[in-house]
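Trainee:
In my numbering, the protein residues as written are 854 to 912.
#1: Contact check, residue 861 vs residue 885 under 8 Å by CB: the rounded distance?
#2: Nearest-angstrom Cα distance between residue 909 and residue 896?
#3: Going along the chain, which residues of its own chain have a beta-carbon closer than 8 Å to the beta-carbon of residue 911, five neighbours each way excluded?
#4: Run through DSSP, which three-state label would residue 883 get?
#5: Expressed to the nearest angstrom, what Euclidean distance is found between the alpha-carbon atoms of residue 872 and residue 903?
Here is the structure:
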């Protein structure tokens with residue numbers, strides 16, 4: 854959960870920077886934000902499947 858919290862913290866910082874920045878800053882921030890968002894989705898998906906994984910690994 855600490856990784857998720859850190860991702861969200863960075864997303865807030867990047868969103869603020871994007872809002873204040875020029876076009877180049879906006880593009881850089883968008884790139885980073887999309888990666889962080891994808892990581893968050895992967896973390897949530899993986900967490901949702903941990904029970905299923907436990908059954909496969911230790912039947």
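Glycine included, each C-beta is placed from N, C-alpha and C at the ideal position.
Mentor: Let's see:
#1: Walking along the chain shown from the start, residue 861 turns up at place 8. Walking along the chain shown from the start, residue 885 turns up at place 32. No, residue 861 and residue 885 are not in contact; Cβ-Cβ is about 13 Å, not under 8 Å.
#2: Here residue 909 is taken as the residue at index 56 of the chain shown, counted from 1. Here residue 896 is taken as the residue at index 43 of the chain shown, counted from 1. Cα to Cα, the separation comes out at about 19 Å.
#3: The count along the chain shown starts at 1 and reaches residue 911 at position 58. Counting only residues of its own chain and dropping the five nearest sequence neighbours on each side, residue 911 has no CB closer than 8 Å to any other CB.
#4: Counted from its first residue, the chain shown places residue 883 at position 30. Residue 883: helix per DSSP, three-state reduction.
#5: For this step, residue 872 is matched to residue 19 along the chain shown. For this step, residue 903 is matched to residue 50 along the chain shown. For residue 872 and residue 903, the distance between alpha carbons rounds to 37 Å.
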